[in-house]
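What follows is a single structure, written as structure tokens, with notes after it.
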Amino acid sequence: MAKILDSNHSLTLSFNPLWKSLARYLASKCEKCGKERLLSVFDFYSSSQRFFCESCLLASTALMPLIRLIFFSLGVDNTTIKQLTKDSLIRKCMLSVVKGITNFGIRYPQPTGAPITIV
Ligand SMILES: [Zn+2]
């Protein structure tokens with residue numbers, strides 16, 4: 003019988019409700035400036051924007067360590083993260099993945115909010 007989930011995946015899946023609520027938060031738009039929070043976090047990370055509304059600034063500051071942790075666990079270094087978070091296509095793909103998590107939770111393979119090819 004094939005082993006479907008490795009220990010790492012089942013650990014992630016056991017935190018699914020947590021990831022889902024986090025994803026919902028990131029994919030939702032800021033009530034003050036109307037920008038998706040994930041994109042504000044990316045702007046914050048890549049320093050491509052200097053000024054944020056209070057709400058986005060707070061969210062970005064709080065989520066920075068988590069975003070860094072996720073990228074580091076994927077083996078991406080800090081310089082690359084900054085480049086990736088500036089790339090508009092990568093940003094759209096990431097937002098789409100986050101929307102997918104909001105709708106479906108974390109799955110393997112991960113369904114996205116919209117097919118990658120049309121984002
Ligand atoms: Zn905002």
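If you use our numbering, the sequence shown corresponds to residues 3 to 121, in order.
No residue lacks a Cβ here, since even glycine has one placed at the ideal position from N, Cα and C.
message: Would you say the beta carbon of F54 is closer than 8 Å to some non-hydrogen atom of ligand 1?
response: yes
- prompt: Can the beta-carbon of I83 be found closer than 9 Å to that of Y47?
  reply: yes
query: Where does L28 land, buried or exposed, given buried means 16+ other C-beta within 10 angstroms?
result: buried
- request: May I have the straight-line CA-CA distance separating E33 from S16, to the nearest angstrom?
  value: 30 Å
task: Output yes or no for whether 9 Å exceeds the beta carbon distance between S23 and S42.
output: no
- prompt: Among residues of its own chain, excluding the 5 on either side of S30, which ones have a beta-carbon nearer than 8 Å to its beta-carbon?
  reply: E38, R39
- request: Check the DSSP bridge columns for K37 and list the partner residues they point to.
  value: K37 is not bridged to any residue.
- prompt: With 16 as the cutoff for other CB atoms within 10 Å, does F74 come out buried or exposed?
  reply: exposed
- request: Give the DSSP bridge partners of K31, in chain order.
  value: E38
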